[in-house]
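>
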Amino acid sequence: MSPTLFPQTLPVHTARLLRLFEETRPAFLTRFYLSGGTALSLHLGHRESEDLDFFCEQSFQPQEVERQIRSLGTLSQTELEKGTLNTFLDGVKLQFLEYPYPTLKSFIKWQGIQISSIIDIACTKLQTVSARGSKKDFIDIYFLLKKYSLETLLAYTREKYSHSDYSETHILKSLVYFSDADDQPMPRMCIQVSWEQIKKELVSAVKSIDLH
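Going by the working numbering, the sequence shown opens with residue 9, and the numbers climb by one from there.
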């Protein structure tokens, strides 16, 4: 039985672009999977999210992906680097990223698109927060902790990044460092919660972890 998804979290222009991908089936869909905040919002239904982050475990040619999507609409602000394509397609921000870390759980297939599992997105979110703590990322982790304990998510994160430079201590410190995020605006929420409540819950979750 497939899990329930929440497409109502997608702004109109993002939903329209995903329907276009479903109709035209660009070749990148066979290699890439949707991850990040928008994928998590589809899983949890907690907030609106418009950017589309596509990951690929193997190396790829950014110029080839750009060629595939160029015929679908208007591209702007395109940046090409090794293993990365950042662009806007009809106003929707797209990222295509080489992400050489194993997927721990099976993808969900929706509208012809492979969507990362909640567990895999959670691991990525914890790593992201350790590098830059945006308010959206803290909000996402707050809602992830409604489904899984922080101890469980850290165990999965250790597994996913076992062959990389991974610091659990740094992740835990980053989870309670809110200075950069405090002044950022709240996203449009589908489930209402205050920023103060989010911070309180994250501090409590980190305190529950025994670092030995």
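Every residue gets a Cβ at the ideal spot worked out from N, C-alpha and C, and that includes glycine. Values in this document were obtained by computation on a predicted structure and should not be read as measured data.
#1: Decide if Gly141 is buried, meaning its Cβ has at least 16 other Cβ atoms within 10 Å, or exposed.
#2: Spatial neighbours of Leu152 within its chain, please: CB distance less than 6 Å, with the 5 preceding and 5 following residues excluded, ordered by chain position.
#3: For a test of the three-state rule: what should DSSP assign to Gln192, helix, strand or coil?
#4: Sort Phe186, Thr165 and Thr12 by Cα distance to Gln135 and report the nearest one.
#5: Could you tell me the boundaries of the beta strand (DSSP E) in which Tyr41 lies?
#6: Does Ile179 come out as helix, strand or coil in the three-state DSSP assignment?
#7: Under the three-state reduction of DSSP, which class applies to Val100: helix, strand or coil?
#8: Count the other CB atoms within 10 Å of the CB of His54; is the residue buried (16 or more) or exposed (fewer)?
#9: Grab the span of the beta strand (DSSP E) containing Lys117 for me, first residue to last.
#10: Hey, could you find the ends of the alpha helix (DSSP H) Ile217 is sitting in?
Concretely, from the data shown:
#1: Within the sequence shown, residue 141 is the residue found at index 133, counting from 1. Under this definition Gly141 is a buried residue.
#2: Taking the first residue of the sequence shown as 1, we reach residue 152 at position 144. Closer than 6 Å at Cβ, skipping near neighbours: Ala130.
#3: Locating residue 192 in the sequence shown gives position 184, counting from the first residue. Three-state DSSP puts Gln192 in coil, outside helix and strand.
#4: Here residue 135 refers to the residue found at position 127 when the sequence shown is read from its first residue. The shortest C-alpha separation from Gln135 is found at Thr165.
#5: Start at 1 with the first residue of the sequence shown, and residue 41 comes out as number 33. Looking at the DSSP string, the run of the beta strand (DSSP E) that includes Tyr41 is Tyr41 to Ser43.
#6: As a position in the sequence shown, residue 179 is number 171, starting the count at 1. Of the three classes helix, strand and coil, the one that applies to Ile179 here is helix, per DSSP.
#7: Counting from one through the sequence shown, the residue named residue 100 turns up at place 92. If DSSP states are grouped into helix, strand and coil, Val100 belongs with the strands.
#8: One-based indexing of the sequence shown puts residue 54 at position 46. So His54 ends up on the buried side.
#9: Translated into positions along the sequence shown, residue 117 becomes position 109. Counting along the chain, the beta strand (DSSP E) containing Lys117 begins and ends at Ile116 to Trp118.
#10: Here residue 217 refers to the residue found at position 209 of the sequence shown. No alpha helix (DSSP H) contains Ile217, which DSSP labels as neither H nor E.
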